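Numbering (our numbering), first residue to last: 11 to 164. Heads up, the beta-carbon is just placed ideally off N, CA and C, and yes, glycines get one too. The structure displayed is predicted, hence computed values, not measured ones. Heads up, the thing below is written out as structure tokens.
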């Protein structure tokens, strides 16, 4: 980021966001200058937090997209397999058992297959981490807003 432009002969007391201010600088600053510095620092902090969140969302979005694709593929594949093999297995078992019992056996079998596919998709979804850096950084913001332990006296 670039510093705001200023007249070369004027010292506005500008400090880049996050740059510490000495006690002498704070004492010699007016309330308006201090409020401007705080406003600038908070504005910069918020912009940086938003950029960090965007970067993390892009990174984690790829993982979430892959997991979602696997969930969808598992669901559709499971459906197609269940449909065609169920019909074939039901027809085959109907030659040996009553058609109702054959249908029940086929349904239980495909229920077990669906459970396995779900557990695989769940493992992939658990690899999505979330916005760890942003959460850590945002939790530190209140500490940055607390008064300096030495205090400032005039």
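{"query": "Run the CB neighbour count on residue 118, radius 10 Å, all protein chains shown included, and call it buried at 16 or more, exposed below.", "result": "exposed"}
{"query": "Which term fits residue 131, buried or exposed, when burial requires 16 or more other beta carbons within 10 angstroms of its beta carbon?", "result": "buried"}
{"query": "Rounded to whole angstroms, what's the CA-CA distance from residue 138 to residue 122? Just pull it up for me.", "result": "26 Å"}
{"query": "Tell me the rounded alpha-carbon separation between residue 56 and residue 140.", "result": "19 Å"}
{"query": "Quick one: is residue 116 buried, meaning 16 or more other Cβ sit within 10 Å of its Cβ, or exposed?", "result": "buried"}
{"query": "When you compare only the Cα positions, how much space is there between residue 84 and residue 128?", "result": "8 Å"}
{"query": "If you drop the 5 nearest sequence neighbours on each side, which residues of the same chain put their C-beta closer than 8 Å to that of residue 32?", "result": "none"}
{"query": "Grab the span of the alpha helix (DSSP H) containing residue 107 for me, first residue to last.", "result": "Per DSSP, residue 107 belongs to no alpha helix (DSSP H) and is neither H nor E."}
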